[in-house]
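Residue numbers (my numbering): 4 to 398.
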Amino acid sequence: MRFFREFFGYPKAQEVFKDDSRFGAGRHEQAVSRLIDETDMLVEHILEKDEQVFEELLTTDKFFIYHSGDNEAMKAGADQLNKVYEYFRKFDWETWEPGDIAPHKSFMLTIWEFRKVRGGDNKSLLNALKRMMPALELHFSEGQAKGMPYMKMAMGFWHGGNVLGRTGQQMRGEQVTSYWNIDWKTWDYPTHQPAIIPNRKGILTHPAWLIAHSQNLETDPIHRGKWIREKLLAGTIPDVPITVDAVIPPDHQKTLRQRMENRTGVAYCWRCHEKMDPLGFPFEIYDDFGRFRTEESIEHPENLVKEARRGETNEFGASLPVYKTLPVDPHGVLQGTGDKTIDGDVKDAFDLIDRLAKSEKVRQSIIRYAFRYFTGRNETLSDSKTLRDADKAYL
């Protein structure tokens with residue numbers, strides 16, 4: 004487990020500063036913590052299955068999102084929300100006075116969040132109900148089968164919750180769904196996870212990996228491509244020459260890729276960048292928060308179409324300004340696997356990942372990094388047999 008955390012580097016997502024206003028769905032720091040924990044859960048799940056681990060890590064279409072890893076507990080928490088909604092939706096609860104709570108109090112005290120209401124008197128329970136029901140109506144008003152069992156009432160984590168995380172404390176960070184282009188308030192929540200999530204394939208499309216390999220305000224095709232070249236294709240990239248001004252000039256009428264191609268495409272730079280950029284460009288189908296996209300927002304005041312407004316959210320529950328956009332070009336090139344049937348032009352990240360997962364060189368490169376991790380040194384010529392034996396053992 005520790006090897007894969009270090010190998011993929013996704014815990015570094017917490018070290019990349021992101022502005023909450025650009026996240027748009029709440030506190031990024033809190034949500035990204037859950038994102039990293041759920042990447043750990045995915046790796047653990049695949050390791051426990053122990054079937055084609057490398058290929059599964061690279062190509063799985065199933066992920067954990069706002070989940071503790073305990074399917075039964077998450078189902079019970081979601082069922083409890085549905086239970087409250089189905090019970091009270093038959094009543095005109097919006098007009099109730101405290102005295103109207105009395106006939107329903109015994110039912111309410113079967114629900115964890117009502118039992119935790121301070122005082123437990125009718126007035127306090129009514130106030131809690133009027134805070135909870137609007138949220139539940141968002142969950143179920145469009146026919147959703149399950150609502151996400153997040154905390155409806157603000158209270159200290161030490162109080163526990165109707166569902167608990169792996170630390171034994173209440174689960175937080177429900178805004179984690181925004182990274183996956185999902186609005187947690189209206190999501191038909193899959194209680195049994197990992198679950199299939201559209202527009203994703205493996206760890207390299209997981210928001211945690213994408214954020215860890217991004218800049219503060221933009222994506223980072225160069226370092227994403229460098230990571231693939233070095234970690235999966237066993238290649239090397241020389242250090243940036245001291246004479247090079249390694250800055251992509253701003254241009255508020257172009258995508259990041261267009262700006263990069265104008266700068267890194269010159270002959271002197273391309274000698275190194277041809278090993279990285281074509282491997283990083285396919286991941287431009289995700290923004291720097293790991294959200295899937297087909298259009299790139301050109302974030303600059305002169306391109307502003309509409310300012311963000313409190314209470315107005317987009318399809319994945321984020322309150323964000325709207326900018327002019329340009330189409331994303333995710334085409335790239337894979338070279339260096341040593342297999343002519345795999346090398347060649349790729350149309351997007353999914354195509355690239357499928358090819359990488361089929362490569363013997365990729366498998367052997369991961370084994371080489373595992374050898375270095377567990378022995379604490381680089382391999383030497385005398386280790387050749389050990390590495391070949393490890394490769395055979397994996398197969």
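Heads up, the beta-carbon is just placed ideally off N, CA and C, and yes, glycines get one too.
Residue i versus residue j: straight-line alpha-carbon distance, rounded
| i | j | result |
| --- | --- | --- |
| K309 | P324 | 6 Å |
| L60 | A270 | 36 Å |
| E58 | K361 | 8 Å |
| E318 | E177 | 16 Å |
| W273 | F292 | 28 Å |
| A198 | H48 | 12 Å |
| N74 | I356 | 29 Å |
| R118 | E140 | 21 Å |
| G268 | A249 | 13 Å |
| D315 | A321 | According to the sequence shown, residue 315 is Glu rather than Asp. For E315 and A321, the distance between alpha carbons rounds to 8 Å. |
| Y372 | P330 | 37 Å |
| W96 | S36 | 37 Å |
| W99 | L112 | 18 Å |
| A237 | S24 | 38 Å |
| Q83 | H209 | 30 Å |
| L45 | Y376 | 21 Å |
| L390 | L384 | 10 Å |
| G205 | A138 | 32 Å |
| R92 | K108 | 16 Å |
| V56 | V243 | 34 Å |
| G264 | T378 | In the sequence as displayed, the identity of residue 264 is Glu instead of Gly. Rounded to whole angstroms, E264 to T378 spans 40 Å at the Cα level. |
| S127 | G72 | 33 Å |
| Y427 | G347 | Residue 427 is absent from the model: the chain starts at 4 and stops at 398. |
| D386 | D22 | 47 Å |
| D392 | G341 | 21 Å |
| F88 | F94 | Looking at the sequence shown, residue 88 is not Phe but Tyr. Using only the alpha carbons, I get a separation of about 10 Å. |
| R30 | R121 | 27 Å |
Proximity below 8 Å, CB of residue i to CB of residue j
| i | j | result |
| --- | --- | --- |
| N130 | I104 | no |
| A148 | D186 | no |
| A76 | V179 | no |
| D231 | C275 | Inspection of the sequence shows that residue 231 is occupied by Ile rather than by Asp. Their beta carbons are not under 8 Å apart, which means I231 does not touch C275 by this criterion. |
| N219 | R294 | no |
| E233 | T258 | no |
| Q173 | H70 | no |
| D64 | R175 | no |
| E363 | F374 | no |
For residue i, the nearest candidate out of the options (CA to CA)
| i | options | result |
| --- | --- | --- |
| F284 | C275, Q261, R294, F292 | Q261 |
| I114 | G102, L132, G122 | L132 |
| K401 | D342, L337, H48, Q367 | Shown here, the chain extends from 4 to 398; a query on residue 401 therefore has no answer. |
| R296 | E97, G320, P333, G314 | P333 |
| A28 | A311, K388, K343 | A311 |
| M279 | G102, R391, G228 | G228 |
| G335 | F26, F94, P224, G72 | P224 |
| L398 | K343, D53, M263 | D53 |
| E18 | F26, E32, F6 | E32 |
| K188 | E145, T222, I369 | E145 |
| E3 | K388, G339, P253, F20 | The chain is shown from 4 up to 398; residue 3 falls before or after that span and cannot be answered. |
| T328 | D290, F26, V87 | D290 |
| P253 | E221, Y13, R380, D354 | E221 |
| L207 | I245, V247, L282, T246 | L282 |
| F20 | V247, I345, H216 | H216 |
Same chain, Cβ closer than 7 Å to residue i, five either side skipped, listed in chain order
| i | result |
| --- | --- |
| H255 | I301, H303, E305, N306 |
| L359 | L61, L235, V365 |
| Q367 | D394 |
| L38 | A16, V179, Y182, P210, A211 |
Cβ distance (whole Å) where residue i is taken to contact residue j below 8 Å
| i | j | result |
| --- | --- | --- |
| A211 | F286 | So it is not a contact: roughly 14 Å between Cβ atoms. |
| K78 | T194 | 4 Å |
| N85 | F143 | 7 Å |
| I200 | F66 | 5 Å |
Nonlocal neighbours in the same chain, by C-beta distance under 6 Å from residue i, ignoring five residues either side
| i | result |
| --- | --- |
| W161 | Only weak support exists for where W161 lies, its pLDDT of 49 falling under 50; the value from the coordinates is given anyway. Contacts found: none. |
| R266 | I251 |
| I369 | F57 |
Spatial neighbours of residue i in its chain, beta-carbon cut-off 8 Å, leaving aside the 5 residues before and after
| i | result |
| --- | --- |
| D43 | M4, R8 |
| F110 | Y90 |
| A396 | none |
| A81 | K149, G150, M151, P152, Y192, T194 |
| R313 | S322 |
beta-carbon residue i near the ligand FAD non-hydrogen atom, thresh 7 Å
| i | result |
| --- | --- |
| G335 | Only the bare structure without any ligand can be found here, which leaves the ligand FAD out of the picture. |
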